[in-house]
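Encoded as structure tokens, the structure appears first; notes follow it.
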Amino acid sequence: MVDWSDGALTDESTYAVGKRFCSGDESALAEAYERWSPLVYTIAVRATTDRSMADDVAQQVFVKAWRSHEQFDPDRRPLPAWLVGITRHVLADLAQQRDRERRLTDRLARQHPEAPVHEPDSVVDAVVISEGLAQVEQPRRHILELAFFSGLTHAQISHRLELPLGTVKSHIRRGLLQLRDVVEVTDEPS
Amino acid sequence: MSHPDQETLVGLALGDEHDTALAAHVQDCPDCRGEVDRTRTLLAGADQLTGGVELERPPDHVWEAVRQELAADDRPRPVAARPRRPWWQPAAAAVAGLAVGVAATIGVAATNDDGPTPVPKPDPTTVARGDVTPFSAGSTTTGTAQVVRRDGARTLDVDLSGTPAPRDDYVQTWLFDPKTNEMIAIGVMDGDSSSFPIPASVDLDTYTSVDISLEPLDGNPAHSATSLARGELRPS
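Protein chains in written order, with this note's numbering: chain A, 1 to 190; chain B, 1 to 236.
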């Protein structure tokens with residue numbers, strides 16, 4: 001498991017906010033919104049590509065989170081990971097609803113169904129990976145960024161950073177394992 | 001071959017391992033294959049990244065809307081303030097609950113505008129009904145579903161038309177909760193019209209919708225995911 005005790009997504013105060021949140025302290029809701037609504041909103045904007053719909057998704061996520069605050073367990077996962085999990089559910093419901101409406105419209109209009117591929121999950125993963133990267137230590141973070149963003153091969157990264165190829169490969173593999181844990185903790189059943 | 005370590009499996013997901021014995025092992029080992037799939041899912045997410053993600057703050061009205069919606073939860077609502085007879089409950093229970101209902105009404109009478117408790121209707125009574133309409137692509141199944149109360153027990157009466165004659169399959173009726181998609185198997189249709197008892201423990205305030213599915217004869221009791229028709233039950 002990733003050590004959630006430090007890094008950008010979490011720090012020790014995250015646990016404290018989570019504790020207050022699950023006990024029903026309303027100031028913890030305000031604080032959670034202050035700290036993590038940008039994470040939720042950015043995912044929503046990227047997944048819906050529609051700002052008013054993204055507003056609605058963010059609203060639903062925090063309303064749902066507060067209504068079920070008693071189900072949140074700060075010892076099982078950090079609060080932002082749980083909020084991202086709720087965001088996944090809200091987006092999945094939305095995609096299903098759009099799908100149903102589209103099928104209905106298609107049937108009524110007797111059109112060939114158009115199929116805009118809608119994969120909210122990988123959009124969520126992308127934003128969470130990006131945030132998770134911030135908590136990966138150097139030089140591993142830099143190596144992963146080069147691998148993800150620059151399209152350089154492992155050999156090219158090794159050449160550019162003047163590191164042995166084996167070291168680069170090992171950093172990439174360990175870094176991916178680390179990120180995998182960060183992403184998966186947001187995708188557990190709540 | 002023993003299980004390869006996690007890093008080797010990540011390498012395999014990256015297409016960076018070329019050992020044929022390793023590939024053969026993963027092919028046959030569900031655990032290792034699961035590991036590789038987990039990494040592939042991650043890589044699919046990473047593929048969407050073209051650079052660092054700049055986080056964006058939602059507009060102020062979103063927080064306002066959250067607060068307003070949650071504030072509405074705290075306000076006592078007229079409906080919740082007075083225990084009312086749920087529409088599915090048998091008449092006997094309604095009479096027993098009446099005394100409590102009257103006592104509880106006194107305090108909030110001023111906010112109530114939904115009239116006196118209706119007189120229980122004689123048996124048999126249709127307490128809810130709904131039309132079912134085609135759901136999956138290509139389905140032509142339509143019909144009606146009714147909850148009928150007879151002698152204090154409830155039945156679900158289903159009438160369908162446009163359902164294909166059974167071949168290697170059968171048609172099944174379900175009640176489901178549209179909020180969670182949880183399903184309760186109610187019974188197998190015998191022709192176009194069937195009547196099924198609804199267990200007293202089933203809460204029709206939660207399981208408000210009817211699903212008609214086409215089930216293959218595969219011995220698997222779970223829903224096939226092919227819904228011929230669906231409809232919502234409304235109190236009548």
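In this text, a Cβ means the ideal position worked out from N, Cα and C, and glycines have one as well.
Note that the coordinates shown come from a computational prediction; the quantities given were computed from them, not determined experimentally.
- By the criterion of a C-beta distance shorter than 6 angstroms, residue 13(B) is surrounded in its chain by 36, 39 and 40, once the five residues flanking it on both sides are discounted.
- With a cut-off of 8 angstroms on Cβ pairs, the region 185 to 203 of chain B is in contact with the region 152 to 162 of chain B, counting three or more such pairs.
- With fewer than 16 other Cβ atoms inside 10 Å of its own Cβ, residue 162(A) counts as exposed.
- Contact of residue 38(A) with chain B is assigned, a C-beta pair being separated by under 8 angstroms.
- Proximity of residue 58(B) to chain A, defined by a Cβ-Cβ separation below 8 angstroms, is satisfied.
- Look at the region 17 to 42 of chain B: the residues with a C-beta under 9 angstroms from a C-beta of chain A are 38, 39, 41 and 42.
- Contact annotation: in the region 51 to 83 of chain A, residues whose CB is within less than 8 angstroms of a CB in chain B are 54, 55, 58, 59, 62, 63, 66 and 67.
- For residue 56(A), there is no enclosing beta strand (DSSP E); the residue is part of the alpha helix (DSSP H) that begins and ends at 51 to 67.
- Runs of the beta strand (DSSP E) lying entirely within the region 7 to 40 of chain A and spanning at least 3 residues: none are present.
- Within the region 86 to 103 of chain A, 103 place their CB atoms closer than 8 angstroms to a CB of chain B, listed in sequence order.
- Per DSSP, residue 126(B) is one residue of the beta strand (DSSP E) stretching across 125 to 134.
- Secondary structure of residue 148(A) (DSSP, three-state): helix.
- Note on residue 152(B): under 16 other CB atoms within 10 angstroms of its CB, so exposed under the neighbour-count rule.
- Per DSSP, the beta-bridge partners of residue 232(B) are 209(B).
- Measuring C-alpha to C-alpha distances from residue 207(B) to each of 177(B), 138(B) and 126(B) identifies 177(B) as the nearest.
- Beta-carbon to beta-carbon, residue 136(A) and residue 175(A) are separated by about 6 angstroms, close enough to satisfy the 8 angstroms threshold.
- Any Cβ of chain A closer than 8 angstroms to the Cβ of residue 232(B) would place that residue at the interface, and such an atom is absent.
- Close CB contacts of residue 17(B) within its chain, under the 7 angstroms cut and outside five residues either way in sequence, are with 8 and 11 (chain order).
- Inter-residue distance for residue 132(B) and residue 138(A) is about 60 angstroms (C-alpha atoms, whole angstroms).
- About 11 angstroms separates the beta carbons of residue 214(B) and residue 135(B), which is beyond the 8 angstroms limit, so they are not a contact pair.
- For residue 174(A), the closest Cβ of chain B is nearer than 8 angstroms.
- The C-beta of residue 21(A) comes no closer than 8 angstroms to any C-beta of chain B.
- Residue 174(B) and residue 72(A) have their C-alpha atoms some 32 angstroms from each other.
- Against chain B, the beta carbon of residue 123(A) has neighbours under 7 angstroms at 48, listed in chain order.
- Taking 8 angstroms as the CB threshold, residue 52(B) lines the interface with chain A.
- Think of a sphere of 8 angstroms around the beta carbon of residue 33(A): the chain B residues whose beta carbon falls inside it are 63 and 66, in chain order.
- The residue among 182(A), 158(A), 21(A) and 140(A) with its C-alpha nearest the C-alpha of residue 70(A) is 21(A).
- For residue 157(A), the uninterrupted alpha helix (DSSP H) run begins and ends at 154 to 161, by DSSP.
- Three or more Cβ pairs closer than 8 angstroms define a contact, and the region 62 to 69 of chain B falls short of that threshold against the region 140 to 160 of chain A.
- With its beta carbon less than 8 angstroms from one in chain B, residue 130(A) belongs to the interface.
- The beta carbon of residue 198(B) is closer than 6 angstroms to those of 154 and 156 in its chain, skipping five residues each way along the sequence.
- Looking only at 27(B), 56(B), 43(B) and 225(B), the smallest Cα-Cα distance to residue 211(B) is reached by 225(B).
- Scanning chain A for C-beta atoms nearer than 7 angstroms to the C-beta of residue 153(B) yields nothing, as the closest lies near 34 angstroms away.
- Non-local beta-carbon contacts of residue 187(B) in its own chain, meaning distances under 6 angstroms to residues more than five positions away in sequence, involve 173 and 196 in chain order.
- Taking 8 angstroms as the threshold, the shortest C-beta distance from residue 10(B) to chain A falls below it.
- By the neighbour-count definition (other C-beta atoms within 10 Å, threshold 16), residue 37(A) is a buried residue.
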